[in-house]
Amino acid sequence: MNAASPASKSQPLIGALAVVSSLVSQNIGAAFAKTLFPLVGPAGMAFLRIGLAACLLVLIRRAWKATPRQNIYRSLLLYGTTLGVMNLVIYQAFARIPIGVAVAIEILGPLAVVLLGARKKRDFVWLATAVCGLVLLLPLTGGASALDPIGVACAIGAAVSWALYILSGKRLASEPGVDAVAWGMVVAAIVTLPFGVAGAGAMLLSPDILLIGLAVAALSSAIPYSLEMTALQRMAAPLFSIVVSTAPAIAAIAGFFILDERLTAIQWLAIVLIMAAAAGSTLGALGRTARDGR
């Protein structure tokens, strides 16, 4: 058997760097989006991001060449709706609690999907770890570091929406010739439109706001999507999933440098626990899949 070439050995590293770059881009976009909240509000910003991202994806991916068939309209509607709701509620969370904390709570959604197949004791250890992290973030006390209850509730709503988004996306993923990402984003834009108009009104048509919104859409959607496709071509799914579990920490760092959001030691501990649960449960699920496939 021939030894792997240096170029092939470097592919996972290139992929991991692409994933980290994607997460950095997403969270810089989220942090800059938060700076627009005083002008257009969270709902207005959510619509700007989704609406402009939908335009970018339709153009870049030429989605009109693969229009959805009638038999998947219901699945596409559910997929796009959950995507729209997820963005609306996570932006409401961003408006009330630090971005790093909101993302840590949100990532519990895909974690819950992974743990649905929990059978081993260590799976329940990861579940308990995630619950401990969440409990540390819940506003159970009235101290100065207590988080806004509505913000936490919105982040939990985003987690639920993300889980539903994953589950609804499975149906579309098996449909050949359907650009679920682009058309799902179009549905999400329609869902968020009335909330965005109600929250921002004519400000949505301001050239300056549109320009910043376009930058946020590119940072939060178009650039990360391209980077993730690059990563998936160069690295195995297990490594990809583990690197993605670092999202809360990257979000917290972006929040610190761009928004001066400072987390307490307890909040950092909670984020680390949730990231550990996400990475550990992913490895467990992949181990089950490998054993079942033998």
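Basically our numbering = 1-based index in the sequence shown + 30.
Cβ coordinates follow ideal geometry from the N, Cα and C atoms, glycine included.
Could you spell out where the alpha helix (DSSP H) holding G226 opens and where it closes?
-> Position 196 of the sequence shown, counted from the first residue, corresponds to residue 226. Start and end: 210–230.
Simplified DSSP state of P128, which is helix, strand or coil | Mapped onto the sequence shown, residue 128 falls at position 98. Assigned with DSSP and collapsed to three states, P128 falls in coil, not helix or strand.
Taking D290 as part of the alpha helix (DSSP H), name the residues at either end of that continuous run.
-> Here residue 290 corresponds to residue number 260 of the sequence shown, with the count starting at 1. For D290, there is no enclosing alpha helix (DSSP H), as DSSP marks it with neither H nor E.
Exposure label - A158; buried when at least 16 CB within 10 Å | To locate residue 158, count along the sequence shown from 1; it is residue 128. Counting Cβ neighbours within 10 Å, A158 comes out exposed, since fewer than 16 surround it.
Tell me which same chain residues have a C-beta within less than 8 Å of the C-beta of S250, skipping the five on either side of it?
-> Against the sequence shown, residue 250 aligns to sequence position 220. If we look at S250 and ignore the five residues flanking it on each side, its Cβ neighbours are S55, Q56, G59, A60, A63, R79, A83.
N-terminal and C-terminal residue of the alpha helix (DSSP H) that D153 is part of | The residue given as residue 153 occupies position 123 in the sequence shown. Unbroken alpha helix (DSSP H) run through D153: 151–167.
Closest Cα partner of L313 within the set M75, A176, V144, L197 | For the purposes of this step, residue 313 is identified with residue 283 of the sequence shown, where counting begins at 1. Comparing Cα-Cα distances from L313 to each of M75, A176, V144, L197, the minimum goes to V144.
Please go through the same chain and pick out, in chain order, the residues whose beta-carbon is closer than 7 Å to the beta-carbon of A277, but skip the five residues on each side of it.
-> For the purposes of this step, residue 277 is taken as the residue at position 247 of the sequence shown. L53, V133, I137.
Looking at the unbroken alpha helix (DSSP H) that takes in L141, where does it start and where does it end?
-> Here residue 141 refers to the residue found at position 111 when the sequence shown is read from its first residue. That run of the alpha helix (DSSP H) goes 138–145.
Cut-off 6 Å between Cβ atoms - residues of its own chain near V88, not counting five sequence neighbours on either side | Reading the sequence shown from its first residue, position 58 is the one you call residue 88. By the criterion of a C-beta distance shorter than 6 Å, V88 is surrounded in its chain by A212, once the five residues flanking it on both sides are discounted.
Give me the Cα-Cα distance between L293 and A279, rounded to the nearest whole angstrom.
-> Taking the first residue of the sequence shown as position 1, residue 293 is located at position 263. Taking the first residue of the sequence shown as position 1, residue 279 is located at position 249. Distance between the alpha carbons of L293 and A279 is about 11 Å.
Extent of the continuous alpha helix (DSSP H) to which L86 belongs = Here the question's residue 86 lines up with position 56 in the sequence shown. It spans 67–91 - the alpha helix (DSSP H) in which L86 sits, taken as one unbroken run.
Nearest-angstrom Cα distance between V182 and S198?
-> The residue you call residue 182 lines up with position 152 of the sequence shown. The residue you call residue 198 lines up with position 168 of the sequence shown. When rounded, the distance between both Cα atoms is 24 Å.
Give the range of the alpha helix (DSSP H) segment to which L27 is assigned.
-> With the chain covering only 31 through 324, there is no way to say anything about residue 27.
Within its chain, find whatever has a CB closer than 6 Å to the CB of I288; leave out the 5 residues flanking it on each side and keep chain order.
-> Here residue 288 corresponds to residue number 258 of the sequence shown, with the count starting at 1. Close CB contacts of I288 within its chain, under the 6 Å cut and outside five residues either way in sequence, are with A61 (chain order).
Count the other C-beta atoms from every protein chain shown that fall within 10 angstroms of the C-beta of T65, then say buried if there are 16 or more, exposed otherwise.
-> Against the sequence shown, residue 65 aligns to sequence position 35. Exposed: under 16 other Cβ atoms inside 10 Å.
In terms of alpha-carbon separation, which member of A76, P68, F286, M305 lies closest to I129?
-> By one-based count along the sequence shown, residue 129 stands at place 99. With distances taken between Cα atoms, I129 lies closest to F286.
Check whether the Cβ atoms of R126 and C184 lie closer than 8 Å to each other.
-> Stepping through the sequence shown from its first residue, residue 126 is reached at position 96. Stepping through the sequence shown from its first residue, residue 184 is reached at position 154. A contact, by the Cβ cut-off of 8 Å.
Beta-carbon separation (whole angstroms), P72 vs F154, contact threshold 8 Å = As a first step, residue 72 must be located in the sequence shown, where it is residue number 42. As a first step, residue 154 must be located in the sequence shown, where it is residue number 124. Not a contact, Cβ separation roughly 36 Å.
Contact set for V273: own chain, Cβ-Cβ below 7 Å, skip 5 residues either direction = As a position in the sequence shown, residue 273 is number 243, starting the count at 1. Excluding sequence neighbours, V273 sits near A46, V49, V50.
A60 (DSSP reduced to helix, strand or coil) = On the sequence shown, position 30 is the one that residue 60 refers to. The answer is helix: DSSP assigns A60 an H, G or I state.
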